[in-house]
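> Sharing a structure, written as structure tokens. Questions coming.
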Amino acid sequence: MSQEVFIRGIISGIMALAFSWAVFSRYDDEIGYEVSDTDKQKYLPYIPGSLLPMFLLFITILGAYFYGFEGAARMTLSSCFTIFLHISLYYLVLLLVIPLLRKIMSARSCAMLWLIPNYLYIIYNSYMELPEPLFVITAKGNLVWVLLGIWFVGFFAVLVWKCIEHLIFRRQILRDAVPVTESDVLDVWTAIIEDANFKKPKFKLVSSPHVSTPLTIGLFKRSTRVVLPQKQYPKEDLELILRHELVHIGREDAWNKFFMVFCPAMCWFNPLMWIAMRKSADDMELSCDETVLLGADDATRKQYAILLLDTAGDERGFTTCLSATANAMRYRLQNITKPVKRRSGALIVGAVFFILCMTSGYVALAYEGNSGSQLIYQCDDYSSYVIRSVSLKDDEFATNYEIADEEAFHSYLAGLTLYELTGNYSFNDSERCFTYLMDTQGGTMAVLLYDNAVKTVWLHRDAQAEYYYVPEGIDWNYIETIIIPHPAMNVYLKESDSAYPKGLGALLQRLWRTEDGEQILVHEEIYPEGEYHGIFGNAFEPREATFDFSYELAAPFKVLVESWDYSTSYTVSQTDLRDGLTMDLPDYSAHYTVYASFYDKNGNLYEAEFWFNIGDIYSN
């Protein structure tokens, strides 16, 4: 398991447990008890309905501010593709299974399942990287931007249409609305508010001649109105009506409805999203019924059912109301009059959230294909690009290389077809990672090659890394023909009473190549003072070391042994070692430097200097 997947699992698991606990514990808070001034509000939102819309709006504004219109479009495309795709698939599955879930779990849990995608924004948190996408959809840049334009027009039209519809409906029902002044109604209203423990409520109770069912309208607290028809209700009915509306207000169901309009607006081309919007509204009302009737007797339930049948009205915009749609009426009445004991569904909610987060982002979009010469080099002249260092990580080990034919190497990368990749990926789990640094006129650029991707990042610049998808993949066989691996050395350390050696990869500190009788320094690593590489501690006490080299030796190697404070030293030649490779270790902490010479596969002569330490094992 990669570090990215592990971190994602931990964060997703913690949030899943939080959701499960909210469902499990909220029952006791809502069932009814004597409240005091120190108690919290009885009805609280399970999931804020504005999280995802606000996040997408934020990154769009942020992108426009820092990167201009094109940058904002790219950020929006990158953020939205995965979210849109996952929301569509999630609601498809939920529509199929929600009839079964309604039979086995509480209505509040069913309602929560529609809102869980609000937290899909967390996959773009820096701690929520994915190692690499499982599937990549490629598309030409022109097509992507045309489709993005069409999508945005549809999204904007639907969202504006729904907002205008809400405002028109709000104006219509509040045009002649007046504050409720009847003392008997206000007494019930005050008692219900006190029972729910609302602190300084900003919403108001009004009556309107333009409604036939009680409803609540308004997204913001100051503009929220509980609207009653201009008719008389018995006290018992009024208590049920007002409690129903206060549950909606406390849970911020108007914002939840906004979210369930926002999702179809994002995926307006998907007819299933419109069905999901209606089904979510049904479950929201079922959840409210469930809370209102917590602990109610049969008589109260029958009274509530009659009240539901007597109410009929229009529910448009971001409103909540007591009335039911024709499709949901039968199911609501059944749950009211013949309640079946169901499990809370807390574990299911948590599990669904965990799965949703862990599976999101594995399908990526790659767009706007172009050549490596334009995306990596940004020109057709590579003469000014100087490769400084090269390394290849293969099977957890990194080996330094030098490029034998730089022109061929540049030409290969320049000829690659690359697609800009959406999403937040690290590719740390790729079997191979080829990294090289290039000095350019614009600074130093790091380029990383993975099996099917290329990453570029400017060093010492406040710039984001760019990821590109390579459909044909990197031709490692060709790469290996134009690079030369540096020599490597492994040390196998063994304790006196152990038959199993412990391996240690020695650091290549310096490397020289002999050309025309002259030594040329081709590699040098400078380590800060006090930084040690090797074996430390008393748990492992090696008494001998066996040396292993990646290339055949051109001459016997030598080992320089220096005490920890460099006060004493001695040199051991290969000819003095047991079997020519195994050396007895001194019984004190020491630094080891190995000097060796090699011929590579092309017959070039190299001289190398390797370095490791064995420290703090015995008293010096």
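For the sequence shown, the positions run 9 to 628 when the numbering used here is used. Ideal Cβ positions, reconstructed from N, Cα and C, are used throughout, including at glycine.
1) Is it true that the segment 240 to 252 meets the segment 176 to 196, where meeting means three or more beta-carbon pairs spaced less than 8 Å apart?
2) Closest by CA to Y574, which one among H599, A26, G377?
3) How should S558 be labelled, buried or exposed, when 16 other C-beta atoms within 10 angstroms of its C-beta is the threshold for buried?
4) Using 8 Å as the Cβ pair cut-off and three pairs as the minimum, do the segment 79 to 91 and the segment 258 to 265 touch?
5) Going by C-alpha distance, which of T319, L254, I344 is nearest S220?
6) Which class does V530 belong to by DSSP, given the choice of helix, strand or coil?
7) DSSP state of Y51, grouped into three classes?
8) Is it true that the CB of F211 sits closer than 8 Å to the CB of R233?
9) Once DSSP output is grouped into helix, strand and coil, what is the label at H494?
10) At what residue ranges does the segment 139 to 176 contain a whole run of the beta strand (DSSP E), taking only runs of 3 or more?
11) Figure out for me which residue from Y596, T554, T576 has the closest Cα to the Cα of Q582.
12) Pick out whichever of K349, V105, I491 has its Cα sitting closest to the Cα of T634.
13) Does DSSP put K310 in a helix, in a strand, or in coil?
14) Under the three-state reduction of DSSP, which class applies to V43: helix, strand or coil?
15) As a quick exercise: from G542, L585, N150, pick the residue whose alpha carbon is nearest that of W572.
16) To the nearest angstrom, how far is the alpha carbon of S577 from that of E615?
17) Can you give the Cα-Cα distance for W159 and K148, rounded to whole angstroms?
18) Considering just the uninterrupted stretch of the alpha helix (DSSP H) at K287, what are its terminal residues?
19) Could you say which of F66, S96, E137, L85 lies nearest to G17 if we only look at CA atoms?
20) For W520, which three-state DSSP category applies?
21) Please state if the CB of V569 and the CB of P594 are separated by a distance shorter than 8 Å.
22) Can you grab the Cα-Cα spacing for the pair S434 / P61, in whole Å?
23) Since E480 is in the alpha helix (DSSP H), which residue starts that stretch and which ends it?
24) Have a look at G157 and K48 and give me their C-alpha separation to the nearest angstrom.
25) List the whole-angstrom C-beta distance separating R521 from N612, where the pair is believed to meet the contact cut-off of C-beta under 8 Å.
26) With I112 as the anchor, note down where its alpha helix (DSSP H) starts and where it stops.
27) Please say whether N343 and D297 have beta carbons closer to each other than 8 Å?
28) Give the DSSP bridge partners of G380, in chain order.
29) Taking 8 Å as the limit between beta carbons, can you name the residues of its chain near Q449, skipping five residues before and five after?
30) Could you have a look at E410 and say whether DSSP puts it in helix, strand or coil?
31) Tell me the DSSP bridge mates of R586?
32) Would you kindly work out how many angstroms separate the C-alpha atoms of P493 and T590, rounded to a whole number?
33) Select from S96, S28, F544, L516 the residue whose C-alpha is nearest the C-alpha of E533.
34) If you run the structure through DSSP and keep just helix, strand and coil, what is N126?
35) So for R259, helix, strand or coil by DSSP?
36) Per DSSP, what kind of secondary structure is N436 in: helix, strand or coil?
In this structure, then:
1) yes
2) H599
3) exposed
4) no
5) T319
6) strand
7) coil
8) yes
9) coil
10) 143 to 147
11) T554
12) The chain is shown from 9 up to 628; residue 634 falls before or after that span and cannot be answered.
13) helix
14) Here the model assigns V43 a pLDDT of 47, short of 50, so the residue's position is not dependable and the matter cannot be decided.
15) G542
16) 22 Å
17) 16 Å
18) 279 to 300
19) E137
20) strand
21) yes
22) 26 Å
23) Neither: E480 is in no alpha helix (DSSP H) and is coded neither H nor E.
24) 46 Å
25) 6 Å
26) 59 to 112
27) yes
28) Paired residue(s): none; G380 is not in a bridge.
29) S392
30) strand
31) T590
32) 25 Å
33) L516
34) helix
35) coil
36) coil
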